[in-house]
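In my numbering, the protein residues as written are 83 to 404. Here a beta-carbon is modelled for each residue, glycine too, at the ideal position from N, C-alpha and C.
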Amino acid sequence: MDQNGIADRRRLRRKLTFWRAAAFLIILLAVAGIVANTSGQDPLSGKSSAHVARVTISGVIVDNGELLQRLEEIRKSDRVKALIVRLESPGGTSYGGETLYRAVRRVAAEKPTVAEVRTMAASAAYMVACGADHIVAGDTSLVGSIGVLFQYAQVSALLEKIGVSIEEIKSAPLKAEPSPFHAASDEAKAMIRSMVSDTYGWFVDLVADRRGLSRSDALALADGSVFTGRQAAGNGLVDEIGGETEIRAYLTTKGIDESLNIVDWERRRSNSELLFGEAMVRLIGAFEDSAFPFARELRGLADRKLFLDGLVSVWQFGPADQ
């Protein structure tokens, strides 16, 4: 065999060795991920016996089919005797909050249900809390921000600076309004204001009904203000200050044995996520702040939705509130 043939065989051998090693590493990481996710737990994670279910809703609230299905499974399960909805959220889309509120109400119609406000339950998150029979918050939790927001970008000034113009032909003046390419007309603003007012009125009526307030009292609290847990307990937005002890005490008044375990119903990972998702997260984590400088940022974005569609019920802070 000539020198070129020998060199080709060596290159081929090196390639095969690389791909074999890569395949072995992926399998090893996948197995490690599965072991890490299943070790120390029984097959049903405590769900095989009577218990109190707990669901945590955190981050930005959006339309979440998986979470809705989880709540429906909790409603149907004979082993679940009560539900705790733990909230750590500034809110999100109005529709996302509405669907979760209705799902919590369906559970509450059959089982005692408590909302536990941890760091924050504002806007759409407070909407969800109203679906429970009882709301418990911490002294320094943030509660409220009852209201609705519609935002849209305006880039016409920027386009004008760079010499770009947008031409359009549409079927009616209000089609595709508001547009980021030109200032909204008075008619477009009136249309948006009407949508916001309608959704806001629905939100206020929901709070008044669920919290036993008159509409005028609910309106007085629905100016977008946020309240501490102590303030919310005083104005009727929450029932009491406390945590698990107070929740247990409330549930005993509903006939729930205080010895029952509280079991977290978490999102089920698919087989593909178990095989590859966790493995990739662990692989990225191995290089965090070293060979892969943006690993931490990528991990933070991995399970986050960056865009919100439709009307928004979310507490914001910063220049928008000044």
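Nearest to Lys129 by alpha carbon, out of Asn317, Arg161 and Arg187?
Nearest of Asn317, Arg161 and Arg187 to Lys129, Cα basis: Arg161.
Expressed to the nearest angstrom, what Euclidean distance is found between the alpha-carbon atoms of Ile143 and Thr181?
Distance between the alpha carbons of Ile143 and Thr181 is about 10 angstroms.
Which of the three DSSP states, helix, strand or coil, is assigned to Leu224?
Looking at Leu224 - three-state DSSP - the assignment turns out to be strand.
Please list the segments of the alpha helix (DSSP H) lying wholly inside the segment 289 to 314, counting only runs of 4 or more residues, in order along the chain.
For the segment 289 to 314, whole alpha helix (DSSP H) runs of length 4 or above, ordered along the chain, are 297 to 303.
Return helix, strand or coil for Leu231, following the three-state DSSP convention.
Leu231: strand per DSSP, three-state reduction.
Considering just the uninterrupted stretch of the beta strand (DSSP E) at Gly173, what are its terminal residues?
Residues Val162 to Thr175.
Would you call the segment 307 to 327 and the segment 226 to 235 touching, i.e. three or more CB-CB distances under 8 angstroms?
Yes, they touch.
Is Asp145 near Tyr177, with beta carbons less than 7 angstroms apart?
It is a contact, given that the beta carbons lie within the stated cut-off.
Where does Glu348 land, buried or exposed, given buried means 16+ other C-beta within 10 angstroms?
Result: exposed.
Any contact of the segment 154 to 170 with the segment 182 to 202, i.e. 3+ C-beta pairs under 8 angstroms?
With a cut-off of 8 angstroms, the segment 182 to 202 and the segment 154 to 170 count as touching, because enough Cβ pairs lie within range.
Where do the N-terminal and C-terminal ends of the beta strand (DSSP E) with Gly141 fall, by residue?
From DSSP, the beta strand (DSSP E) with Gly141 extends over His133 to Ile143.
Leaving out five residues before and five after Glu328 in sequence, what residues of the same chain have Cβ atoms less than 7 angstroms from its Cβ?
Correct list, in chain order: Val218 and Glu322.
Can you confirm whether the segment 208 to 217 touches the segment 250 to 270 when touching is taken to mean that 3 or more C-beta pairs between the two stretches lie within less than 8 angstroms?
Not touching, per the Cβ criterion.
Could you spell out the range, first to last residue, of the beta strand (DSSP E) harbouring Ala258?
From DSSP, Ala258 is part of no beta strand (DSSP E); its letter is neither H nor E.
Using C-beta distances below 8 angstroms, list every residue in its chain close to Phe100, excluding the 5 sequence neighbours before and after it, in chain order.
Around Phe100: no qualifying Cβ.
Pull up the DSSP beta-bridge partners for Glu198, would you.
Paired residues: Arg168 and Val218.
Sorted by chain position, which residues of the same chain lie with C-beta nearer than 6 angstroms to Arg188's C-beta, five sequence neighbours on each side aside?
Within the same chain, Arg188 has close Cβ partners Arg157.
Can you tell me the Cβ-Cβ gap for His133 and Ile344, rounded? I've got them flagged as a contact below 8 angstroms.
With 8 angstroms as the limit, His133 and Ile344 qualify as a contact, their Cβ atoms being about 7 angstroms apart.
Thinking C-beta only, is Val286 closer than 7 angstroms to Ile304?
First, the amino acid is wrong: residue 304 is Ala here, not Ile. Result yes, Cβ atoms of Ala304 and Val286 sit closer than 7 angstroms.
Output the distance between the C-alpha atoms of Val234 and Thr175, rounded to the nearest integer angstrom.
Position check: residue 234 holds Tyr in this sequence, whereas Val was assumed. Between Tyr234 and Thr175, the C-alpha separation is close to 14 angstroms.
Looking only at its own chain, which residues have a Cβ that is under 8 angstroms from the Cβ of His264, when we skip the five neighbours before and after it?
Ser238 and Ile248, listed in sequence order.
Going by DSSP, what residues sit across from Gly345 in a beta bridge?
The sequence as given places Val at residue 345; Gly does not occur at that position. According to DSSP, which records beta bridges pairwise, Val345 is partnered with Ala135.
Hey, out of Lys243, Ser261 and Ile244, whose CA is closest to Ile251's CA?
The shortest Cα separation from Ile251 among Lys243, Ser261 and Ile244 belongs to Ser261.
For Glu148, I'd like the list of residues in its chain whose CB is within less than 7 angstroms of its CB, leaving aside the five on either flank, ordered along the chain.
Answer for Glu148: Arg349, listed in chain order.
Hey, could you find the ends of the alpha helix (DSSP H) Ile251 is sitting in?
From DSSP, Ile251 is part of no alpha helix (DSSP H); its letter is neither H nor E.
What distance in whole Å lies between the Cβ atoms of Ser171 and Ala203, which are believed to be in contact at a cut-off of 8 angstroms?
Yes, Ala203 and Ser171 are in contact; Cβ-Cβ is about 6 angstroms, under 8 angstroms.
Helix, strand or coil for Val237 per DSSP?
Here Val237 sits in coil by DSSP.
My understanding is that Met277 touches Leu393, with C-beta atoms under 8 angstroms, so please give their C-beta distance in whole angstroms.
About 7 angstroms; that satisfies the 8 angstroms criterion.
Do you know offhand how far Ser267's Cα is from Thr334's?
Approximately 57 angstroms, taken between the alpha carbons.
If you measure between the beta carbons of Ala315 and Ala300, is that distance less than 7 angstroms?
No.
Could you give the DSSP three-state label for Val278: helix, strand or coil?
Helix at Val278.
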